[in-house]
Structure formats: C-alpha cells, structure tokens
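Keeping their order, the protein sequence lines are chains E and U.
With my numbering, you'll find the first sequence wraps up at 417, consecutive numbering, no jumps.
With my numbering, you'll find the second sequence wraps up at 1400, consecutive numbering, no jumps.
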Amino acid sequence: MSLLEEELEAEAEESKGAAATSPAALTAFRRGFSGVAVPILTAVIAFIAGGLIVLATDHDPLTTYSSIFNGTGLNWLFPWVSGSERTLAAGNLQQTLLAATPLVLVGLAVSFAFRAGLFNIGGQGQYTVGAIIAVWVGSAFSGMPAVLHIALAIVAAGAAGALWAGIAGALKAFTGANEVISTIMLNWIAIWLGVYCFQLGGPLHAASMPSTPVSNNVAASAKLPVFWGSSTLQGLDVGIFISLAIAVVYAVLIKRTRLGYEARAVGFNPEAARYAGMNVGRTWIRVMLICGAFAGVAASLDILGWEFNLFTNVIQTSQIGFFGIAVALLGRNTASGNVAAAILFGALLTGTSNRNINLSIDPTLVEYLTFMIEGIIILLVSTDVITLRLLKGGRRIGVALKRRRPDEAGAGGGGAS
Amino acid sequence: MSVGSIAVAPTRAVSPKQVAIAGLVLGALAWVITIPPIAVRGMVPSIVLAALALLAGTWAVAGGERKLGIEAIAVAVLAVAGALASAHSAPATLKSVFVWSALVAATLRYATPLIFGALGGVISERSGVINVGLEGQMLMGCFWGIYGADLLHSWFWGLVVGMVAGGLLGLLHGFFSVHLRANQIVSGFGINFLALGITGYFLEYHYGPNGTPLNISMVPNVKIPLIQHVGFFGTAFGDANLMTWVGIALVPAMTFFLFRTRGGLRLRSVGEKPRAADTVGLSVVRIRYMASIASGMFAALGGAYLSVGFVGSFSNDMTNGRGFIALAAMIFGKWKPWGALWACLLFGFGSAMSDRISGVNSTLGTLFEALPYILTLVAVAGLVGRSRPPAADGVPYVRE
Chain E
1 MSLLEEELEA
11 EAEESKGAAA
21 TSPAALTAFR
31 RGFSGVAVPI
41 LTAVIAFIAG
51 GLIVLATDHD
61 PLTTYSSIFN
71 GTGLNWLFPW
81 VSGSERTLAA
91 GNLQQTLLAA
101 TPLVLVGLAV
111 SFAFRAGLFN
121 IGGQGQYTVG
131 AIIAVWVGSA
141 FSGMPAVLHI
151 ALAIVAAGAA
161 GALWAGIAGA
171 LKAFTGANEV
181 ISTIMLNWIA
191 IWLGVYCFQL
201 GGPLHAASMP
211 STPVSNNVAA
221 SAKLPVFWGS
231 STLQGLDVGI
241 FISLAIAVVY
251 AVLIKRTRLG
261 YEARAVGFNP
271 EAARYAGMNV
281 GRTWIRVMLI
291 CGAFAGVAAS
301 LDILGWEFNL
311 FTNVIQTSQI
321 GFFGIAVALL
331 GRNTASGNVA
341 AAILFGALLT
351 GTSNRNINLS
361 IDPTLVEYLT
371 FMIEGIIILL
381 VSTDVITLRL
391 LKGGRRIGVA
401 LKRRRPDEAG
411 AGGGGAS
Chain U
1001 MSVGSIAVAP
1011 TRAVSPKQVA
1021 IAGLVLGALA
1031 WVITIPPIAV
1041 RGMVPSIVLA
1051 ALALLAGTWA
1061 VAGGERKLGI
1071 EAIAVAVLAV
1081 AGALASAHSA
1091 PATLKSVFVW
1101 SALVAATLRY
1111 ATPLIFGALG
1121 GVISERSGVI
1131 NVGLEGQMLM
1141 GCFWGIYGAD
1151 LLHSWFWGLV
1161 VGMVAGGLLG
1171 LLHGFFSVHL
1181 RANQIVSGFG
1191 INFLALGITG
1201 YFLEYHYGPN
1211 GTPLNISMVP
1221 NVKIPLIQHV
1231 GFFGTAFGDA
1241 NLMTWVGIAL
1251 VPAMTFFLFR
1261 TRGGLRLRSV
1271 GEKPRAADTV
1281 GLSVVRIRYM
1291 ASIASGMFAA
1301 LGGAYLSVGF
1311 VGSFSNDMTN
1321 GRGFIALAAM
1331 IFGKWKPWGA
1341 LWACLLFGFG
1351 SAMSDRISGV
1361 NSTLGTLFEA
1371 LPYILTLVAV
1381 AGLVGRSRPP
1391 AADGVPYVRE
C-alpha cells in the first residue's frame, strides 16, 4: 500500500518532470499502470514459483498448468474449441464462475474494512453464520412464493453475517479490542456453532439423515434459478448477478456516499477524522456491519445456488473467508479488482479440483499446489517491494529500502489501526 | 477511589481485594461441591455459597476493587449455571465425566502443543513481530517432524527436522515482516497457506494415498518411578509424554530468559521501544529476525508433538486451528510465559472436558470446543483485565 506509493514517489522525484511529481499524475500512474501490473505480476510470480516446486518433484509444470487451465473452462473462450470439448469447457467455466460468485463478496467484506483501516479476518465466520441461517431459512419456510423465499433467505443470511461482524466492530468501538484477534476468535466460534447445529442430534440436523451430520435440504422455492447449463448438473445460477450488483453497490458506496467518505477518512487517519467531527467508533461498527452482510450474502448464494445443504465437515474445512483476504489484497480493495481476483481464484480452485485433472498428474498434488500458490500470492501482496522491483527491471536495488520512512508503520501494524 | 473509602480504609479488618478473592473462592466452591468427589445433590448449598460470593464481589466493587470484584460476580453466576447443570445430570453421568485423574492427564495432552505454540508467540510478539503464522509453522513441524522421524528412524532427529522446517518458515516470516516491512498479519496468513500447501503436497509426494507409515519412532512417555502406580497421581502425571514436561519446563526458562537476562531485556526493548534500543546500539533487525526464527521453531515443536509425540501419523491440516488457539492463549495470558501456560492448561481442560462430555452428550461437547475462543474474546474486550500487547508489536522498524 504505502510502500507502493513511496516507491512511486521516489520514481517521480527521479524523473524530475513537473507533471510526474504532481499528485494527480502519481495517482493516474498508480491507477493506470502499477495498479494493474503489480497484481498481475504477483500472480505470475506465484505461478512460476509453484511451477518450480512441480518441476522439483519430477512433474512437468507446463502440462500441469495447461491441464489446470483446461480445467477452469477458460478454454471455452477460444473459438477453436468445439464439440464435446466445448461442452466440457462450458461446464467447467460454469463451475469457475460459481466459485467466483461468493469470492467477490467475501473479498469485498475484507476490502471495505481495509478502506476503513480495519482488518476483517472474520470473513470465514461471517460466511459460516450466513450459511447456517441461509440453509435454515431455505429449508424451513417451504411453501413460500419463490421470489419471496429467496429474498428472505438472502436477507436473513446477510443480517446474520452483519451481526457477527458487528460484534467485532462494537468491541473495537467500545473497548478498543483489536479486530484482528476478535474476528479470528469469532471465526472459530462460528465454526463450532455450525457443527453444533448440524451434528447428529444437533438442533438443525436433518431428521431424514440419521447417520450423516448434515442440514435439511433447501426447498425448491428457495433455489436460485440456473440460466446457463443444466440445472441438475450444477449449472450457473443467477447468484453471480447478485454478486456483481453488490460489487457495483460497493463501488458507489465507497466513492459516492457519506459513509464511504467517512470510512476512507477514518481509514486514512482515525485521529484526524475524529478531530474533523466524525464518530470513528460508529463508522467502524457500520463498516463492519456491511462487511459482514457481504460475507453472509456470499454464503446464501452458495447455499441457494448449488450447495443446497450444509455438512459439518464442509463447515470445518471451508477456507473461503481466507481466500477472500487474498482476493481483496490482490484486487487492491476496488470493486473491479475484486471481481477480477475472484475470477482468478475461482478459476484456480476449479481448475485444480480433483475431477478436472487428467490422470497424468496426481490430482491431490495439484490441489495442494493451489494452496501454495495462494500462500505465495498473499506473501507477495503483503509487501509490494519485490514485485515492484521486478517491474522496474531490478534498478536501484536497495535504494528504496533505505528511503522508506517510518510513517508506513500504521499499515504494517494491527490492521492499520 | 472516593474520599469516603479512604477515610474508612484504616479501620477495615480486610481489604476489598481480600474480600474479592474470598468471593472468587466461594463462587468456585459453589460449583465444585456439586461435582465428584464431593457431589452434593440439591441446589441449596450452591445457592448459599454463590450468594455469599455475589455479596463479596459487590462489596469489593463498592470498595474500589473493581476488576476482581466483577470477576467474583461473574464466577458466582457461572457457578450457579454449573451447579444447575450438575443437578440436572444423573450422579452416574457426573461420575463418568469427572474422572479427575483422566481429566488432568488429558488436559496435559491437549495443552502440550499449545504451550509450545504460545511460547513461540510470546517470543515473537515480545520482539515486535506479530506471528499469525503460528498455525502454519506448527503444521510444518507436524509433517516434517514425522518425515524426519521416519527417514532417520529417530524421534529426536524428527523433532530436529521439524524444528528446522518451522524455523525456515519463521525466517521467511521474518524476511517479509522485518526486512520488507510487510503487513505482518497478511504475511502470517500467507505463511499459513504456504504451509498447508507444502505439507499436503509433500505428504502426497512422499507417501501417496497410504499416508505415513505405521512404525514411526515416537517420543517416549516419562514413567515417573515413585508415583507411577499411585492412584490419582499415577494416572494424572505418571505416564505423561516427555514433550509435555519439556514444554512445561520451558515456561520458567522462558520467563527467566525474558525478564532476568540481558538477551531477554534486549528482546523486550526491541518490542517496546525499538528506536531507543537502536540508539543504544542494538540491532533491531537482527533481534527480530532471531525471534521470528525461534518462534517458528517453538511452534514447530508443538506441531511435532502432535505427529511424533502423540498420534504417530500425519494427516492433512492436522493442526486444525491449534496454532490459532496458541495465539489466543498467548493473548489470554497477556504476552507472558506463565500467563500463556495457565491459558493453555485452561484451554486444554476445556478440550478434555469436551471429550468426556461428548461421551455422554455429543452436542454439548461441541459447544465446549468453542470455549477457548469465547474466553479470549472476553479477554480482548478487556472484561477480564486488559490484555496489552508490546508497544511496538506489529510495527515495522525503520532506521532514520
């Protein structure tokens, strides 16, 4: 974040051009070039590093990656892919977009908090409570008109997520509790709450499945309609439009509303915002409520779109909230960036999921390759220095490191508080 | 403190603090008497004790001892709830849950990996580096520990290999957070994912679908000669794992190091006032690097305990959030080794209880699993004393 800006400032100072040193030119440069190039390069580095591990363990990275690419269904975009291959590609692309749908929203749940100087690690927990409520509303209120039922389930899940995140926001506002720690704790509480609800003998356990810890199935009236592909073979449902619409809402919220302005001001400098008459605590709570709502809605789109029920082991092994952190970081907290990063991670998850890998490569290896690539991406986005250095062809190595000033400390500290 | 209480103070026989402590004890007793071995049936004695505890707590709060007083009140309320739960359980059920010797042994088992992890957290955060990567470092120790033990046919070298793997991840975390001044929480999460990927990948690569072999050299249990067969003590402490004792012994050692040696003072000064430490000639970067590496090694030992010390095999994501519980224990223990130990034992006790309750009522056992996290949430909210991190925790240092 601030590292990038400083490097750019250093760059601008070097160029000594009057236009290049103006803040407007800097912003334009950042938005127009590095803003896109750095995330892309970050992803490329991560893929190369992952490829090296594949290579080191006697596998061919090129076949692995081409197999992953075909597994994502992105080859559907190539006009020369035809016949049964095209049908398969379409099915895979539907899965990629299905995976990207909630990722956009859990990414936004992290992004909006980031803008307000909060580090919302609680996307996982907010998603989990959203999923619990969505599957409960979706299965319990059968017989409602479809549109109403869907709306009720989505709103209820969003409210549950908002409540969950609001706890962390309120604790931060009233007691100063660090939101990083409280959201991590809330994640685990949510997971055990979910296990409690759906385990054998749990209050929401499906009575029809006496030996499986799972919820009831979502009623037909609460299922999101599929518009591309087969509705029985997990085609693409309309949830993606809801997700994209919320991304637009986020863009408007952050740029055009008072709350968005206050959030950014508080994120930039809470003390200054307080001095300017803003209620910092209230802004934190509101921002967290909205973040939680994003994550809760994300869960409802999964539940109502293709999952239809919730197993306790799915609750325990889900990593989606943490993928959301990667999406937000790679997407640089912007709406469009989140959408792009969500599609990248959705593709990565789909391309490496077991059933899509051809038999020449051990699918389990490829699955864990995803985690490695994601880990490397997160590490690289935690600081822009490496990527930026590469971007500039390795010039001035070490210079920027010496130039950095301490005022970035806030960004490195407990969630830029 | 009000003027009135100052005027009264000299005439008091007991201080509000003593009253509050008495309230805490009475409150705890209100629950303890309802469970074996005492197992009083009926609510009356518990209610009387809890009422006394409430009274003592309230009085202490009025007398100016707010923190302990509120704790006494909270304990009294919880004790009534616990006593109610006991009263509604059959005596036989209570007896099967509260087998104290087995509970203590299980508490130690569950606490061991947490102790190592929490000590790793203490050393890193005391130097000013937030380590959310504990989970990943534990996982590395967990897998590479068993890999080393299998390859070198020795649990000792397994632990060493695990520690090296965790230390390398600590070095990586140090490189990002100290050298590149990355956002430490983000890089910690990166570490966690990287570890999940690496361990899963190499488990599959080395062992394939069959998993780790069965005849792994394992860390032995310590059979204490005198008390090994002596009833309660025999079951509780007579046959604990070597690593449990090592972990507990590390707590005073770490306390001594942090608070009584020059190195510890340097480490803490770097975490509290790096600028001042730098001014007197300490290398902030070097100390933080070393603390990061040590942190990774400690955490890795905790992970290795799971695979080489306890289970004897490795499965994907085996640590399953224990790194985060260790982090929570460190915070709950207020960034101090002893505090972290008590927190680990408390959380371990929660898991042990959860296990035993699951035997009777599995739904209730699950809720117990959430207990450490709820307690930590309460702790960070400042309701049970303030948890204050080192002043420069998570703040990258820049020389001027």
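Quick reminder that beta carbons are idealized off the backbone N, C-alpha and C, glycines included.
In this text the structure is predicted, and so the values were computed from the model without any measurement.
Stretch pair the segment 1175 to 1184 of chain U + the segment 1297 to 1315 of chain U: three plus CB contacts closer than 8 Å: no
Would you tell me roughly how many angstroms separate the C-alpha atoms of E/Gly321 and E/Gly123, rounded to the nearest one? The residue given as residue 321 of chain E occupies position 321 in the first sequence. The residue given as residue 123 of chain E occupies position 123 in the first sequence. The alpha-carbon atoms of E/Gly321 and E/Gly123 are separated by roughly 4 Å.
Nearest-angstrom Cα separation, counted from U/Arg1399 out to U/Thr1279: Counting from one through the second sequence, the residue named residue 1279 of chain U turns up at place 279. Counting from one through the second sequence, the residue named residue 1399 of chain U turns up at place 399. Taking the straight line joining both Cα atoms gives about 10 Å.
Kindly provide the ranges of any beta strand (DSSP E) runs that are 3 or more residues long and lie completely inside the segment 329 to 368 of chain E, ordered along the chain. none
Coil, strand or helix - E/Leu52 by DSSP: As a first step, residue 52 of chain E is located in the first sequence; it is residue number 52 there, counting from the start. Helix at E/Leu52.
U/Ala1240 in three-state terms, based on DSSP: Position 240 of the second sequence holds residue 1240 of chain U. Strand.
Closer than 9 Å, CB to CB, is E/Glu307 near chain U or not? By 1-based counting over the first sequence, the position of residue 307 of chain E is 307. Not one chain U Cβ lies under 9 Å of E/Glu307.
Mapping the DSSP letters down to three states, classify E/Asp384 as helix, strand or coil. Within the first sequence, residue 384 of chain E is the residue found at index 384, counting from 1. Coil at E/Asp384, not helix or strand.
Could you tell me the boundaries of the alpha helix (DSSP H) in which U/Lys1223 lies? Position 223 of the second sequence holds residue 1223 of chain U. No alpha helix (DSSP H) holds U/Lys1223; the beta strand (DSSP E) holding it covers Asn1221 to Lys1223.
Could you tell me if E/Asp58 is buried or exposed, where buried requires 16 or more neighbouring beta carbons within 10 angstroms of its beta carbon? Position 58 of the first sequence holds residue 58 of chain E. By the 10 Å Cβ count, E/Asp58 comes out exposed.
In the DSSP assignment, what are the bridge partners of E/Phe311? Looking up residue 311 of chain E in the first sequence gives position 311. Bridge partners of E/Phe311: E/Val214.
For E/Val214, I'd like the list of residues in its chain whose CB is within less than 8 Å of its CB, leaving aside the five on either flank, ordered along the chain. Walking along the first sequence from the start, residue 214 of chain E turns up at place 214. Counting only Cβ-Cβ distances below 8 Å, and skipping sequence neighbours, we find Phe198, His205, Ala206, Asn309, Leu310, Phe311 and Thr312.
Determine, using beta carbons only, whether E/Trp190 and E/Trp228 come nearer to each other than 9 Å. Mapped onto the first sequence, residue 190 of chain E falls at position 190. Mapped onto the first sequence, residue 228 of chain E falls at position 228. Note that residue 190 of chain E is Ala in the sequence shown here, rather than Trp. It is not a contact, given that the beta carbons lie outside the stated cut-off.
Is the CB-CB distance between E/Val147 and E/Ile303 below 9 Å? For this step, residue 147 of chain E is matched to residue 147 along the first sequence. For this step, residue 303 of chain E is matched to residue 303 along the first sequence. In this structure, E/Ile303 does not lie closer than 9 Å to E/Val147 by Cβ.
Give the single residue among U/Ala1030, U/Leu1103, U/Phe1156 and U/Ile1146 whose Cα lies nearest to the Cα of U/Ala1236. The residue given as residue 1236 of chain U occupies position 236 in the second sequence. Comparing Cα-Cα distances from U/Ala1236 to each of U/Ala1030, U/Leu1103, U/Phe1156 and U/Ile1146, the minimum goes to U/Leu1103.
Specify, as a first and last residue, the run of the alpha helix (DSSP H) that U/Trp1335 falls within. Residue 1335 of chain U sits at position 335 when you count from the first residue of the second sequence. Unbroken run through U/Trp1335: none, as it is neither H nor E.
Straight-line Cα distance separating U/Phe1156 from U/Lys1336: Locating residue 1336 of chain U in the second sequence gives position 336, counting from the first residue. Locating residue 1156 of chain U in the second sequence gives position 156, counting from the first residue. Answer to the nearest angstrom: the Cα atoms are 28 Å apart.
Counting C-beta neighbours from all protein chains within 10 Å, is the total for E/Trp192 16 or more, i.e. buried, or is it exposed? The residue labelled residue 192 of chain E in the question sits at position 192 within the first sequence. Result: buried.
Whole angstroms is fine: what's the gap from E/Asn333's alpha carbon to E/Val110's? To locate residue 333 of chain E, count along the first sequence from 1; it is residue 333. To locate residue 110 of chain E, count along the first sequence from 1; it is residue 110. Whole-angstrom Cα-Cα distance: 8 Å.
Who are the near neighbours of U/Asn1221 in its chain, counting only those whose CB is closer than 6 Å to its CB and skipping five residues on each side? In the second sequence, counting from the first residue as 1, residue 1221 of chain U sits at position 221. Cβ within range, chain order: Asp1239 and Asn1241.
I'd like to check one pair, U/Gly1166 with U/Gly1158: are the Cβ atoms closer than 9 Å? Locating residue 1158 of chain U in the second sequence gives position 158, where the first residue counts as 1. Locating residue 1166 of chain U in the second sequence gives position 166, where the first residue counts as 1. Not a contact, by the Cβ cut-off of 9 Å.
Who are the neighbours of E/Met185 on chain U, taking C-beta pairs under 7 Å? Along the first sequence, one-based indexing puts residue 185 of chain E at 185. The contacting residues are Ala1328, Tyr1373, Thr1376 and Leu1377.
Nearest to U/Ala1392 (by Cα), restricted to the options U/Ala1291, U/Glu1272, U/Phe1368 and U/Arg1288: Translated into positions along the second sequence, residue 1392 of chain U becomes position 392. Measuring from the Cα of U/Ala1392, the nearest candidate turns out to be U/Glu1272.
Whose C-alpha, out of E/Ala56, E/Glu367, E/Ala340 and E/Pro363, is nearest the C-alpha of E/Pro102? Start at 1 with the first residue of the first sequence, and residue 102 of chain E comes out as number 102. Minimum Cα distance to E/Pro102 is reached at E/Ala340.
Report the residue ranges of all alpha helix (DSSP H) runs contained in full by the segment 249 to 293 of chain E; include only those spanning at least 4 residues, in chain order. 258 to 268 and 270 to 275
Name the chain U residues whose beta carbon is nearer than 7 Å to that of E/Val178? The residue labelled residue 178 of chain E in the question sits at position 178 within the first sequence. A small fix is needed here, since residue 178 of chain E is Asn in this sequence, not Val. Going along chain U in sequence order, the residues near E/Asn178 (Cβ under 7 Å) are Val1380.
Can you find a CB in chain U that lies within less than 9 Å of the CB of E/Gly367? For the purposes of this step, residue 367 of chain E is taken as residue 367 along the first sequence, with counting starting at 1. As written in the sequence, residue 367 of chain E is Glu, which differs from the Gly given in the question. Output row for E/Glu367: interface = yes.
Backbone secondary structure at U/Asp1278 - three-state DSSP: Taking the second sequence and counting its residues from 1, the one referred to as residue 1278 of chain U is at position 278. The answer is helix: DSSP assigns U/Asp1278 an H, G or I state.
Distance cutoff 9 Å, beta carbons only. Does E/Phe322 sit that close to anything in chain U? In the first sequence, counting from the first residue as 1, residue 322 of chain E sits at position 322. By this cut-off, E/Phe322 is an interface position.
Within 9 Å of chain E by C-beta, residues of the segment 1178 to 1195 of chain U in sequence order: His1179, Leu1180, Arg1181, Ala1182, Asn1183, Gln1184, Ile1185, Val1186, Ser1187, Gly1188, Phe1189, Gly1190, Ile1191, Asn1192, Phe1193, Leu1194 and Ala1195
Using the rule of at least 16 other Cβ atoms within 10 Å of the residue's Cβ for burial, across every protein chain shown, is E/Lys255 buried or exposed? For the purposes of this step, residue 255 of chain E is taken as residue 255 along the first sequence, with counting starting at 1. Looking at its Cβ environment, which holds fewer than 16 other Cβ atoms inside 10 Å, E/Lys255 is exposed.
Three-way DSSP call (helix, strand, coil) for E/Asp60 in this model: Here residue 60 of chain E is taken as the residue at index 60 of the first sequence, counted from 1. Reduced to three states, the DSSP call for E/Asp60 is coil.
Give the straight-line distance between the Cα atoms of E/Thr283 and E/Ile184, rounded to the nearest whole angstrom. For this step, residue 283 of chain E is matched to residue 283 along the first sequence. For this step, residue 184 of chain E is matched to residue 184 along the first sequence. If you take the alpha carbons of E/Thr283 and E/Ile184, they lie about 21 Å apart.
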